[in-house]
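The next block holds one structure in the form of structure tokens; read it before the comments.
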Amino acid sequence: MVQVRDSKWSYLLGRLKEQSHKQRESFVINFILMNLLSDGYTDVLPILQQPIEKQDNKRELIDLYFPQINLGIEVDEDQHNQHDNVISDIKRYERIIKATNISYIQKRIDVNASRDLADIILDANQLVQLIKFQINQKRIDKDYDPWITMEERINNIKRNGVLKIAGHDYILWKTHRDVISLFSDTGWHISKQVQTAINTIKDGSKKTIGSIWFPKLLTDDEAYRINAKHPGQQQWANYVEGDYLLEHYLGNNFKDQYQPDTLPRLVFPYENNKMINYKGYKYLGRYVYDHTDYKGQINYYKYCGLAESTIDLKQHSF
Numbered sequence: 001m002v003q004v005r006d007s008k009w010s011y012l013l014g015r016l017k018e019q020s021h022k023q024r025e026s027f028v029i030n031f032i033l034m035n036l037l038s039d040g041y042t043d044v045l046p047i048l049q050q051p052i053e054k055q056d057n058k059r060e061l062i063d064l065y066f067p068q069i070n071l072g073i074e075v076d077e078d079q080h081n082q083h084d085n086v087i088s089d090i091k092r093y094e095r096i097i098k099a100t101n102i103s104y105i106q107k108r109i110d111v112n113a114s115r116d117l118a119d120i121i122l123d124a125n126q127l128v129q130l131i132k133f134q135i136n137q138k139r140i141d142k143d144y145d146p147w148i149t150m151e152e153r154i155n156n157i158k159r160n161g162v163l164k165i166a167g168h169d170y171i172l173w174k175t176h177r178d179v180i181s182l183f184s185d186t187g188w189h190i191s192k193q194v195q196t197a198i199n200t201i202k203d204g205s206k207k208t209i210g211s212i213w214f215p216k217l218l219t220d221d222e223a224y225r226i227n228a229k230h231p232g233q234q235q236w237a238n239y240v241e242g243d244y245l246l247e248h249y250l251g252n253n254f255k256d257q258y259q260p261d262t263l264p265r266l267v268f269p270y271e272n273n274k275m276i277n278y279k280g281y282k283y284l285g286r287y288v289y290d291h292t293d294y295k296g297q298i299n300y301y302k303y304c305g306l307a308e309s310t311i312d313l314k315q316h317s318f
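Here full-length UniProt numbering is used: the first residue of the sequence shown is 1, the next is one more, and so on.
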């Protein structure tokens, strides 16, 4: 019997539940995923409703996306056959190509109510076979990155002793304590306070050499909206702009500001990743304070991301 790890099981159930109101689309997606799982393809990551950013900052979604092979499946219901929607789908495909890359493969399956169920199943099964073929080819070419659980990814970091900014297969730690344990379990001297924004890092002589920073990333507009509903609740906006991480003090009491230290910060912002149905703290990189003004503005603290952000956990320093 094929075993599916608990966190994968939770992810699949959560994503499929969200699609259950679209009956015909849900049927096809369930058919494809259940056939892959029953045939042992439990290391294939399916993303339901993969978001693609548009130029106007709005999102559009791919019905079912397999990032390991860059293949997307669009389930066409009745409205897709209308002329205006056909033109819209062509333009949408062009945007997806630009957002992913030129190797993107798009497949469509027609679930129009007038179609016979047997024909829909035949088409869906052909898609299953195509996915298997693409996955197997990646494995043969040794170009395959299997879907592993978040727990397995964290254990790999602990075993290899290297923390780095990951690409597609990035890692989210559920709590501050989990991040701190990653360092303290390998011999680092980390202040033990939990649920604080800053945890200091000391060397063997107990000299402070840096810190772990857990900023809440918010743009100015987002922070102002929070303050409009709850006055004074959000005193800071933290956001990434290019190579910089900016802290912007929004309050009027300058005593709330601080003298920034010049030591490196390992940055772990909180992220609610709806795409993979997971929440936690992501390693953003190693940053140091930049004393130069930000566009002539006051009340800003500017931190520059360092090109080399890989940390050897066995060295107990950076």
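We treat Cβ as the ideally placed atom computed from N, Cα and C, and that holds for glycine.
Q) Alpha carbon to alpha carbon, how far is residue 189 from residue 218? A) Position 189 of the sequence shown holds residue 189. Position 218 of the sequence shown holds residue 218. Distance from the CA of residue 189 to the CA of residue 218, rounded to the nearest whole angstrom, comes to 30 Å.
Q. Does the separation of the CB atoms of residue 145 and residue 68 fall below 7 Å?
A. The count along the sequence shown starts at 1 and reaches residue 145 at position 145. The count along the sequence shown starts at 1 and reaches residue 68 at position 68. Going by C-beta atoms, residue 145 is nearer than 7 Å to residue 68.
Q.
Only counting the same chain, and skipping five residues up and downstream in sequence, which positions put a Cβ closer than 8 Å to that of residue 180?
A. Start at 1 with the first residue of the sequence shown, and residue 180 comes out as number 180. Counting only Cβ-Cβ distances below 8 Å, and skipping sequence neighbours, we find 190, 192, 194, 199, 212.
Q. Run through DSSP, which three-state label would residue 271 get?
A. By 1-based counting over the sequence shown, the position of residue 271 is 271. In this structure, residue 271 counts as strand in the three-state DSSP scheme.
Q. Does the segment 109-121 touch the segment 227-246, meaning 3 or more C-beta pairs lie closer than 8 Å?
A. Result no; under three Cβ-Cβ pairs closer than 8 Å.
**Q.** C-alpha gap between residue 319 and residue 32, whole angstroms
**A.** Only positions 1 to 318 of the chain appear in this structure, which leaves residue 319 out of reach.
(Q) What does the alpha-carbon distance come out to for the pair residue 109 and residue 75? (A) On the sequence shown, position 109 is the one that residue 109 refers to. On the sequence shown, position 75 is the one that residue 75 refers to. For residue 109 and residue 75, the distance between alpha carbons rounds to 5 Å.
Q: Report all residues from its chain with a CB closer than 6 Å to the CB of residue 12; omit the five preceding and five following residues, and keep chain order.
A: In the sequence shown, counting from the first residue as 1, residue 12 sits at position 12. Answer for residue 12: no residue qualifies.
(Q) If you reduce the DSSP assignment to three classes, tell me which class residue 133 lands in. (A) Numbered from 1 along the sequence shown, position 133 holds the residue referred to as residue 133. Residue state, collapsed to three classes: helix.
Q. Using the beta-carbon count (16 or more within 10 Å), is residue 263 buried or exposed?
A. Residue 263 sits at position 263 when you count from the first residue of the sequence shown. By the beta-carbon neighbour count (other beta carbons within 10 angstroms, threshold 16), residue 263 is exposed.
**Q.** Segments of 4+ residues assigned as alpha helix (DSSP H) that fall wholly inside the segment 99-163
**A.** As far as the segment 99-163 is concerned, its whole alpha helix (DSSP H) runs of at least 4 residues are 117-140, 150-160.
Q. Going by C-alpha distance, which of 236, 216, 215, 214 is nearest residue 224?
A. By 1-based counting over the sequence shown, the position of residue 224 is 224. Of the candidates 236, 216, 215, 214, 236 places its Cα closest to the Cα of residue 224.
Q. Cα separation between residue 270 and residue 197?
A. Locating residue 270 in the sequence shown gives position 270, counting from the first residue. Locating residue 197 in the sequence shown gives position 197, counting from the first residue. If I take the Cα positions, the gap works out to 11 Å.
(Q) Using only CA atoms, which one of 186, 309, 19 lies nearest to residue 30? (A) Taking the first residue of the sequence shown as 1, we reach residue 30 at position 30. The residue among 186, 309, 19 with its C-alpha nearest the C-alpha of residue 30 is 19.
Q) Can you tell which of 127, 45, 311, 22 has its C-alpha closest to the C-alpha of residue 77? A) Counted from its first residue, the sequence shown places residue 77 at position 77. Among 127, 45, 311, 22, the Cα nearest to that of residue 77 belongs to 22.
**Q.** Nearest-angstrom Cβ-Cβ length linking residue 171 and residue 150, presumed shorter than 8 Å
**A.** Indexing the sequence shown from 1 puts residue 171 at position 171. Indexing the sequence shown from 1 puts residue 150 at position 150. The Cβ separation is near 7 Å, so the contact holds.
Q) When the distance is taken between beta carbons, is residue 247 closer than 7 Å to residue 287? A) To locate residue 287, count along the sequence shown from 1; it is residue 287. To locate residue 247, count along the sequence shown from 1; it is residue 247. Remark: C-beta atoms of residue 287 and residue 247 do not approach each other more closely than 7 Å.
Q) Count the other CB atoms within 10 Å of the CB of residue 124; is the residue buried (16 or more) or exposed (fewer)? A) What you label residue 124 is simply residue 124 of the sequence shown in a count that begins at 1. With 16 or more other Cβ atoms within 10 Å, it is buried.
Q) Mapping DSSP to helix, strand and coil, what is residue 77? A) Within the sequence shown, the letter at position 77 stands for residue 77. Looking at residue 77 - three-state DSSP - the assignment turns out to be coil, as it is neither helix nor strand.
Q.
Quick check: the Cα distance between residue 309 and residue 27, rounded to an integer number of angstroms?
A. What you label residue 309 is simply residue 309 of the sequence shown in a count that begins at 1. What you label residue 27 is simply residue 27 of the sequence shown in a count that begins at 1. About 44 Å.
Q | Limits of the unbroken alpha helix (DSSP H) element including residue 248 | A | On the sequence shown, residue 248 is found 248 positions in, with the first residue counted as 1. Going by DSSP, residue 248 is part of no alpha helix (DSSP H) but of the beta strand (DSSP E) stretching over 244-249.
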